[in-house]
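2 protein chains.
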Amino acid sequence: MSKQVAPLTVIDLNADAPCCPPLAQRRVPAETAAVLAPAFKALGDPVRLQLMSMIASAEGGEACVCDLTPAFDLTGPTISHHLKTLREAGLVDAERRGTWVYYRARPGILRQLAALLTVEPAES
Amino acid sequence: MSKQVAPLTVIDLNADAPCCPPLAQRRVPAETAAVLAPAFKALGDPVRLQLMSMIASAEGGEACVCDLTPAFDLTGPTISHHLKTLREAGLVDAERRGTWVYYRARPGILRQLAALLTVEPAES
DNA sequence: CGCCTGTCTTGACGTCCGTCTAAGCAGAGA
DNA sequence: TCTCTGCTTAGACGGACGTCAAGACAGGCG
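Residue numbers (the numbering used here), protein chains in the order written: chain D, 133 to 256; chain R, 133 to 256.
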């Protein structure tokens, strides 16, 4: 355990470059797991997964809450709660402009998660 | 809905090719979200994320429960419960050979998840 | 056959999560 | 300033989750 000085204690979730080697290449340290697991957890709900996709794929990279809410059979506060969860997981960023609130995806952490799940094309 | 015979009602989680376009490219349909969210949810626990990594990065692609359990400060049944969760999410496969049980990662679904999270290198 | 080791299942308990209703706060417009 | 609309926060309730102790099952070995 003292072989390396654990340079991953604080993980920069905004970095564009992957912070960690793929999950299938090297065993994920406990600290890395503790930081990245909440992000996976936030994506572990169908509503939030769709919200994340709607935000990330929106025109101009941002989506208004007024466009997100009517896409589900849920009340406004419930959608707001899910958006807060995504925000606290570091997956999205919120900004109020006038009357409406806009949400924007953070590509950095998405890249981290994708890199972690990357598998060699032919591993057999 | 009658345009195609709904080939995504059941998503082949074992397929090697990605089943869905990236999350940031097109809005994820509700059915896809319902199928893939449980996989993210299963990875949304630090213990399971480490278990998944230990299994996927193990020699020969498989890991014995007897090697996984002592790596955590948890009881055997708890580890077994987490492994069952990973199994039910389709992330790993279990096989008993003699006394010990071996777990093996399913690269297909990992590729699906990684593809879904893929972000363009420069999206601005 | 009987015991031992290793793993899974069952049942229970405390905590967290998803959803709702009701209330609070921030801007825009009259 | 007053009111209206849009979004968030607070509180509550039912259900699911993480954990453990105890028991059940499978396989190997005397």
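Ideal Cβ placement from N, Cα and C applies to all residues, glycine included. Just so we're clear, the structure is a prediction, and the values are computed from it rather than from any experiment.
- Closer than 7 Å to the CB of ARG219(D) there is not a single CB belonging to chain R.
- Less than 7 Å separates the beta-carbon of SER189(D) from that of ARG158(R).
- In the DSSP assignment, ALA237(R) falls within the unbroken beta strand (DSSP E) covering 232 to 237.
- With respect to the C-alpha of LEU183(D), the residue from GLY193(R), VAL224(R), LEU218(R), VAL160(R) having the closest C-alpha is VAL160(R).
- At a cut-off of 7 Å between beta carbons, ARG238(R) makes no contact with chain D.
- Among the residues facing chain R, VAL224(D) is not included, as its CB has no counterpart in that chain under 7 Å away.
- Judged by pairs of C-beta atoms under 8 Å, the stretch 202 to 217 of chain R does not touch the stretch 194 to 207 of chain D, as fewer than three such pairs exist.
- Counting along the chain, the unbroken alpha helix (DSSP H) around CYS198(D) starts and ends at 197 to 200.
- Residue environment: PRO202(R) is assigned as exposed (fewer than 16 neighbouring CB atoms within 10 Å of its CB, all protein chains considered).
- Going by beta carbons, LEU242(D) and VAL233(R) fall outside the 7 Å limit.
- Taking LEU223(D) as the centre and dropping the five residues before and after it, the same chain places the C-beta of ALA171, ALA174, LEU175, MET184, ALA237, ARG238, ILE241, LEU242 closer than 8 Å to its C-beta, in chain order.
- For ARG229(R), the enclosing beta strand (DSSP E) starts and ends at 224 to 229.
- In the DSSP assignment, ALA171(R) falls within the alpha helix (DSSP H) that extends over 162 to 174.
- Around the Cβ of ARG180(R), a 10 Å sphere holds 16 or more other Cβ atoms; the residue is buried.
- The straight-line gap separating the alpha-carbon atoms of PRO178(D) and LYS216(D) is approximately 15 Å.
- Taking 8 Å as the cut-off between beta carbons, the residues of the stretch 192 to 217 of chain D near chain R are GLY193, in sequence order.
- Residue pairing for GLU191(D): DSSP places it in no beta bridge.
- When Cβ-Cβ separations below 7 Å define contact, THR231(R) makes no contact with chain D.
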